[in-house]
Amino acid sequence: MAKKAQTKKTKTKVKKEENFSPYIKWFWKLFLAGIFFVVLLFLLASWGVFGELPDHTVLENPKTNLATEIISSDGKTLGKIYYNDNRTPVSYDDLPQDLVNALIATEDARYYSHSGIDARGTLRAIFKLGKGGGASTISQQLAKQLFHGEGSKNTLGRISQKIKEWIIAIKLERQYTKEEIVAQYFNIYDFGNNADGIRSAASIYFNKEPKDLDLKESAMLVGMFKNSSLYNPREHRNPVGTRNRRNVVLSQMEKYDFITEEVRDSLQKTDLGLRYTPQSHRDGTATYFRAYVDAFIKDWVKQNPKPDGTKYDIYGDGLKVYTTIDSRMQNYAEDAVQQHMPRLQAEFDHQNTPKRNPTAPFLDLDQSQIDALMKRSMRQSERWRHMKYDLKKSDKEIVASFNKPTQMTIFSWKGEIDTIMKPMDSMRYYKSFLQPGMMSMDPLTGHVKAWVGGMNYKYFQYDHVKQGKRQVGSTFKPFVYATAIDQLHLSPCDELPRSQITIEAGKYGNMQPWTPRNSDGDYAGNLTLKSALANSVNTITARLMDKVGPQPVVDLAKKLGVEAEIPVVPSIALGTADLSVYEMVAAYATFANKGVYTKPVMITHIEDKNGTILYQFTPESRDVLSAEAAYVTVKLMEGVTTDGSGARLRRTWMPSSGVYKEIITGYPYGFSNPIAGKTGTTQNQSDGWFMGMVPNLVTGVWVGAEDRAAHFKTITYGQGASMALPIWGLYMKACYEDEELNVSKGEFEAPMQLSIEVDCDNYDPNENSGSLPTEEVPDELDF
7 MAKKAQTKKT KTKVKKEENF SPYIKWFWKL FLAGIFFVVL LFLLASWGVF GELPDHTVLE
67 NPKTNLATEI ISSDGKTLGK IYYNDNRTPV SYDDLPQDLV NALIATEDAR YYSHSGIDAR
127 GTLRAIFKLG KGGGASTISQ QLAKQLFHGE GSKNTLGRIS QKIKEWIIAI KLERQYTKEE
187 IVAQYFNIYD FGNNADGIRS AASIYFNKEP KDLDLKESAM LVGMFKNSSL YNPREHRNPV
247 GTRNRRNVVL SQMEKYDFIT EEVRDSLQKT DLGLRYTPQS HRDGTATYFR AYVDAFIKDW
307 VKQNPKPDGT KYDIYGDGLK VYTTIDSRMQ NYAEDAVQQH MPRLQAEFDH QNTPKRNPTA
367 PFLDLDQSQI DALMKRSMRQ SERWRHMKYD LKKSDKEIVA SFNKPTQMTI FSWKGEIDTI
427 MKPMDSMRYY KSFLQPGMMS MDPLTGHVKA WVGGMNYKYF QYDHVKQGKR QVGSTFKPFV
487 YATAIDQLHL SPCDELPRSQ ITIEAGKYGN MQPWTPRNSD GDYAGNLTLK SALANSVNTI
547 TARLMDKVGP QPVVDLAKKL GVEAEIPVVP SIALGTADLS VYEMVAAYAT FANKGVYTKP
607 VMITHIEDKN GTILYQFTPE SRDVLSAEAA YVTVKLMEGV TTDGSGARLR RTWMPSSGVY
667 KEIITGYPYG FSNPIAGKTG TTQNQSDGWF MGMVPNLVTG VWVGAEDRAA HFKTITYGQG
727 ASMALPIWGL YMKACYEDEE LNVSKGEFEA PMQLSIEVDC DNYDPNENSG SLPTEEVPDE
787 LDF
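Under the working numbering, the letters of the sequence shown match residues 7 to 789, in that order.
So this is what it looks like as C-alpha cells:
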C-alpha cells in the first residue's frame with residue numbers, strides 16, 4: 007500500500023511539473039525576448055533610428071553658450087557679456103566637497119558604483135511605475151541637459167528619449183571621469199534669475215565664488231536641481247519652499263553619512279542666508295566701465311576673426327577679458343560717490359524748490375529757452391528714436407505721447423519709485439540730478455584702477471568719464487604753468503603782481519580785448535606762483551599765458567593726450583575748453599610720471615575659453631616734459647592741498663553739523679602725506695572738478711548736471727572743492743585704509759639734477775635764472 011501511495015504521489019508531482027512547464031518556457035521566452043527587445047532598442051537608437059545621437063567629437067566638446075567674462079586685476083569677476091546664458095564654467099577642483107556630497111546624496115547615491123545607468127534604480131522605477139522616485143543618474147541628467155532638454159509629453163517619445171539618455175550617459179561615462187561629469191552638470195544647470203551654471207548661481211544668490219560656499223548654501227543650490235523655477239529663493243517667489251527643499255537635501259546627506267544628525271538638525275533651523283546680488287547689464291559693479299568693455303570687445307571681434315575666418319561669438323565663446331580695474335578700488339570709488347552725491351543733491355534740491363526757483367532745476371533761462379531745451383532733449387531721447395524709427399510714428403504722435411501720463415518706475419536716492427508721470431515731466435525730473443564722473447589711474451603703467459561714469463547706469467547711461475566733455479575750469483591752469491616753467495625756467499617761489507591785465511584784441515587771435523577778473527576782487531600786491539595756483543588767481547595765470555602764448559599751451563595739452571579741439575586763444579588759460587575726465591586724468595598723470603605720458607590702459611589681454619591669448623595690449627608712452635618741469639609743476643600743485651582750496655583734505659576735526667559740515671568744511675579726511683591737486687569751477691557753477699595726485703595714483707572727479715543751465719546759485723556749494731573734492735577724499739581715505747593696495751603716502755620723487763628751487767622758505771629770487779612774464783588772461787570763479 008505504501009508503495010502504491012508513493013507511486014501516486016510521484017505521478018501527481020510529474021503531472022504538476024508538466025502543467026507548469028509551458029509557463030516556465032513562456033517566462034524564459036518572454037524574458038529573453040525582453041532582453042533581445044532592449045538590446046534591439048539600444049541598437050536602433052545607436053544607429054540613429056530614433057533620432058541622431060551626438061558623435062564622439064560632440065561629446066568631447068558639448069556646445070553650451072559661455073558668456074564673455076570681464077575680470078578685474080585682482081581676479082574678481084566684474085560682470086559678463088551675455089545674450090541668454092550668463093554662464094562661466096568652473097573645474098571640479100573649484101567645487102567644495104559639501105556641494106558635491108549634497109549632489110550625490112540627493113540625486114544619485116550610487117553614482118560612483120555605476121557606469122551611467124543605475125540598474126537597481128531603473129528596475130525599481132519600472133516595477134513601481136515611477137511612483138517610487140525617478141531612476142535618472144547624474145550622467146543621464148547631464149545627457150538630457152546637454153542634448154535635448156525638456157522631456158517629451160507623449161509616452162513613446164519619452165521612451166525614445168530615455169533610451170537615448172541611457173546611451174549618451176554610457177558614452178559620457180567612457181569619455182569623462184566621474185569628477186568631470188559632476189563639474190559639467192553643475193556648469194550646465196540653469197538656477198534661474200540669470201544664474202546659468204554654478205558660478206553664476208553662487209555669485210547671484212550668495213555673492214561668493216563656488217569654492218567659498220558653505221554647507222547650507224550648497225544644500226540650497228543642490229535642492230534647486232529639482233525645479234529652479236519652483237524652488238526660487240527670492241523673497242517674492244518661494245523662499246519657504248526653497249528652505250524646505252534645502253532641508254530635504256540635508257536629510258539625504260545625513261542618511262548617507264555625509265553629515266551627522268546634529269549638524270542636520272542645527273542647519274535645518276537656519277534661514278537661507280540669501281545675499282541676492284543680481285547680475286545684468288545694468289546692475290552690479292563697474293557698470294559704466296563694463297559698457298566701455300562691451301563696446302571695445304564688439305569692435306575687436308569685427309577686426310579680429312578666428313583662424314578659420316569666422317567671427318568670435320561674444321555671447322557664446324566664453325572669452326575672458328582681463329582688465330586693469332581693481333575691484334576693491336572700484337568699490338571704494340562707487341561707495342564714495344554713494345556717500346557724497348545724495349548729500350550734495352539734497353542741498354541742490356533745497357535751492358531748487360518752486361518757491362526759491364520757479365524755473366527749477368534751471369537757472370538764468372526764460373520760459374522760451376526752457377521750452378527749446380526740453381524740445382531738443384525730447385528729439386534726442388531714446389523714446390523718440392524708438393517711436394520714430396522702430397514704430398514708424400509721426401512727429402505729432404510722438405509729441406503727444408510725451409505729454410500723456412504713463413506708468414513708470416523712476417530713480418531716486420532712496421530707491422526706485424513706481425509712479426504715473428508724463429514722459430516730458432520725467433525728462434525734466436531727471437535733469438534735476440547732479441551727475442559724477444570719476445577715473446583713477448596708475449601714472450607709471452597707465453592702468454586704470456577705478457571708473458565711475460555716473461550714479462546709476464540703469465537710469466543714466468551716459469558715461470561721464472570718456473563720453474562726456476565739460477568745461478574744466480581752473481584744472482586747466484597747471485598746463486599753463488607747466489608751459490611757462492618749461493620755457494622760462496620759473497620757480498614756484500617766483501612772484502608776480504596780482505593786478506589786472508588786459509590782452510588787447512588781435513594779439514593772440516582773440517576778437518575782443520580780454521581782461522580777466524579774480525573771484526575775490528583782490529588785485530593788490532604780489533603772489534608767488536605757488537600761492538597764485540593754490541588760490542586760483544586768474545590774473546597771474548593770465549600773465550603767464552601772455553608771456554608764453556596760447557599755441558604752446560595747446561601743443562602741450564595735445565602731447566598730454568587731450569584729443570578735443572582747443573581754440574588757440576588766451577581765454578583757454580582759465581579752462582574754457584570742454585574736456586573729458588579720461589583726458590584730464592591721463593594729462594595729470596604725466597606730471598606724476600616725471601613728464602612721460604602713458605596712454606590709459608583698461609584691458610590687458612583677452613583669452614579664449616581654453617586660455618589661449620587672443621589680444622595683448624601694447625603700451626604707448628612718450629616724453630612730453632622734462633622731469634624737472636614736471637616735478638616743479640607737481641610741487642606747485644602741492645600748494646593747493648596745503649594752503650589753497652584743497653587744504654580741507656588735511657582737516658581732522660568735525661566742525662558744525664549737517665550737510666554744510668560734510669560738503670563745505672569737509673569730512674575729517676586727516677591726510678598728512680604729500681598730495682598734489684587742483685580744483686576747478688566754471689563761471690556759473692555748472693561744473694565742479696578736483697584732480698588729485700599721489701606718486702602712484704592719479705584720480706580725477708567731475709560733478710555737474712546733464713544741462714549746464716541746471717547749477718548752483720552760488721559759489722558756496724557750486725565750487726569744485728564742494729562738488730568734487732569730497733568724493734576724492736572719501737575714495738582715497740578708503741584706499742589708504744586698505745593696506746594691501748599700497749597706495750603711496752610718500753614724497754614725489756625729485757629728479758637727480760634739479761636746478762629750480764622749490765623750497766620757498768630758503769628761496770633767493772636773485773639766484774633764479776628764469777625771466778618773469780609781465781602780462782594777463784579770462785574770467786572764472788574758483789576757490
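By construction, the Cβ of each residue, glycine as well, lies at the ideal position given by its N, Cα and C atoms.
{"Query": "With a threshold of 7 Å on Cβ separation, who are the neighbours of Gly515 within its own chain once the five nearest residues in sequence on each side are excluded?", "Result": "Val574 and Val575"}
{"Query": "Given this structure, state the Cα-to-Cα distance separating Thr293 from Gln151, to the nearest angstrom.", "Result": "32 Å"}
{"Query": "Is the beta carbon of Lys86 closer than 9 Å to that of Gln351?", "Result": "no"}
{"Query": "On the three-state DSSP scale, how would you describe His356?", "Result": "helix"}
{"Query": "Lys428 and Pro411 look like a contact to me (Cβ under 8 Å); what is the Cβ gap, rounded to whole Å?", "Result": "6 Å"}
{"Query": "Could you compute how far the alpha carbon of Leu494 sits from the alpha carbon of Gln557?", "Result": "15 Å"}
{"Query": "Secondary structure at Ile572, three-state DSSP: helix, strand or coil?", "Result": "coil"}
{"Query": "Have a look at Thr722, Met729, Leu747 and Tyr318 and flag the residue whose alpha-carbon is nearest the alpha-carbon of Ala711.", "Result": "Met729"}
{"Query": "Leaving out five residues before and five after Lys304 in sequence, what residues of the same chain have Cβ atoms less than 7 Å from its Cβ?", "Result": "Ile320"}
{"Query": "List the residues that DSSP assigns as beta-bridge partners of Ile76.", "Result": "Gly85 and Val327"}
{"Query": "Between which two residues does the beta strand (DSSP E) containing Leu227 stretch?", "Result": "From DSSP, Leu227 is part of no beta strand (DSSP E) but of the alpha helix (DSSP H) over Leu221 to Gly229."}
{"Query": "Should Thr183 be labelled buried (16 or more other beta-carbon atoms within 10 Å of its own) or exposed?", "Result": "exposed"}
{"Query": "What's the gap between the Cα of Thr624 and the Cα of Thr610?", "Result": "9 Å"}
{"Query": "Let's test the definition: count the other Cβ atoms within 10 Å of the Cβ of Asp80 and tell me whether it reaches 16, buried, or not, exposed.", "Result": "exposed"}
{"Query": "In terms of alpha-carbon separation, which member of Tyr742, Thr720, Ile76 and Arg476 lies closest to Leu703?", "Result": "Tyr742"}
{"Query": "Who pairs with Ala696 in a beta bridge, going by DSSP?", "Result": "The amino acid at residue 696 is misidentified as Ala; the sequence shows Phe. Answer is Thr685 and Val707, bridged to Phe696."}
{"Query": "Return helix, strand or coil for Arg549, following the three-state DSSP convention.", "Result": "helix"}
{"Query": "Nearest CA to the CA of Gly460: which residue from Ser632, Glu569 and Pro348?", "Result": "Pro348"}
{"Query": "To which residues does DSSP link Met444 through a beta bridge?", "Result": "Val458 and Val707"}
{"Query": "Tell me whether Met414 is buried or exposed, calling it buried when 16 or more other Cβ atoms sit within 10 Å of its Cβ.", "Result": "exposed"}
{"Query": "Rounded to a whole number of angstroms, what is the C-alpha to C-alpha distance between Gln336 and Gln477?", "Result": "25 Å"}
{"Query": "So, are the CB atoms of Pro484 and Val764 less than 9 Å apart?", "Result": "no"}
{"Query": "Return yes when the Cβ of Tyr98 is within less than 9 Å of the Cβ of Asn71, no when it is not.", "Result": "no"}
{"Query": "Tell whether a beta-carbon distance below 9 Å holds between Tyr211 and Leu105.", "Result": "no"}
{"Query": "Who are Tyr621's beta bridge partners in DSSP?", "Result": "Ile612"}
{"Query": "If you count every other CB in all the chains shown that lies within 10 Å of the CB of Asn532, and 16 or more means buried, which is it?", "Result": "exposed"}
{"Query": "Compute the Euclidean distance between the alpha carbons of Met608 and Gln473, then round it to the nearest angstrom.", "Result": "15 Å"}
{"Query": "Which value, in whole angstroms, describes the spacing of the CA atoms of Arg93 and Trp708?", "Result": "36 Å"}
{"Query": "For Thr451, name the three-state secondary structure that DSSP assigns.", "Result": "coil"}
{"Query": "For the alpha helix (DSSP H) containing Ile303, name the first residue and the last one.", "Result": "Thr293 to Gln309"}
{"Query": "Can the beta-carbon of Leu550 be found closer than 9 Å to that of Thr489?", "Result": "yes"}
{"Query": "Enumerate in chain order the residues of its own chain whose CB-to-CB distance from Val343 is below 8 Å, with the five nearest sequence positions on each side excluded.", "Result": "Pro442, Met444, Val458, Met461 and Ile733"}
{"Query": "Would Gly645 and Ser537 qualify as a contact pair, given that the criterion is a beta-carbon distance under 9 Å?", "Result": "yes"}
{"Query": "From the DSSP output, in three-state form, read off Val554 for me.", "Result": "helix"}
{"Query": "State the DSSP-derived secondary structure class of Leu278, mapped to helix, strand or coil.", "Result": "coil"}
{"Query": "Do Tyr487 and Leu450 have their CB atoms nearer than 9 Å?", "Result": "no"}
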